[in-house]
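Data first, discussion second: the structure below is written as structure tokens.
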Amino acid sequence: MTSRHEFSAGLHRRRDAAHRLPPLDCGHRDPWTCRHHDRPSTRGVTEAAEHLLAIGLPPLFDAATCRALWPADRGLAAILARLSGAA
Ligand SMILES: [Zn+2]
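Here the sequence shown stands for residues 26 to 112, numbered as in the numbering used here.
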């Protein structure tokens, strides 16, 4: 069983180790606590959707892709979810 002191000491060791690492592209140093890389890049989804719409084809993406796009472009995410039947 880990005592509170041992747990706290482990967190401090992890924080100290993270500060010895070069920062990630997002500025965080600890990949364990960084959430910037959990979601797929939405730029490619946006470009693909805009291209398909421009040539008259419906862009159909799965629900996870539509959810990933939501924070960046809610309007497009709602359109894609409706077209894909995910909404
Ligand atoms: Zn980050």
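Note that beta-carbon positions come from the ideal geometry of N, C-alpha and C, so glycine has one too. Quick caveat, the model's predicted, so the values are computed rather than measured.
Nearest-angstrom Cα distance between residue i and residue j?
| i | j | result |
| --- | --- | --- |
| residue 103 | residue 36 | 40 Å |
| residue 57 | residue 81 | 42 Å |
| residue 31 | residue 38 | 10 Å |
| residue 85 | residue 98 | 16 Å |
| residue 76 | residue 47 | 38 Å |
| residue 28 | residue 55 | 24 Å |
| residue 107 | residue 95 | 13 Å |
| residue 42 | residue 34 | 12 Å |
| residue 79 | residue 40 | 48 Å |
Which residue from the options puts its Cα closest to that of residue i?
| i | options | result |
| --- | --- | --- |
| residue 92 | 73, 72, 84 and 67 | 67 |
| residue 83 | 101, 54, 33 and 61 | 101 |
| residue 109 | 75, 88, 72 and 40 | 88 |
| residue 90 | 79, 76 and 71 | 71 |
| residue 49 | 107, 59, 78 and 94 | 59 |
Where do the ends of the alpha helix (DSSP H) carrying residue i lie?
| i | result |
| --- | --- |
| residue 53 | Run containing residue 53: none; DSSP gives neither H nor E here. |
| residue 27 | No alpha helix (DSSP H) holds residue 27; DSSP gives it neither H nor E. |
Please look up how many angstroms separate the CB atoms of residue i and residue j, rounded, as I've assumed it's under 8 Å.
| i | j | result |
| --- | --- | --- |
| residue 53 | residue 61 | 7 Å |
| residue 74 | residue 105 | 6 Å |
At a threshold of 6 Å, does residue i count as lining ligand 3 (C-beta to nearest heavy atom)?
| i | result |
| --- | --- |
| residue 53 | Only ligand 1 can be found as ligands here, which leaves ligand 3 out of the picture. |
Item to check | Runs of beta strand (DSSP E) wholly within the segment 63–89 (minimum 3 residues, chain order) | outcome: none
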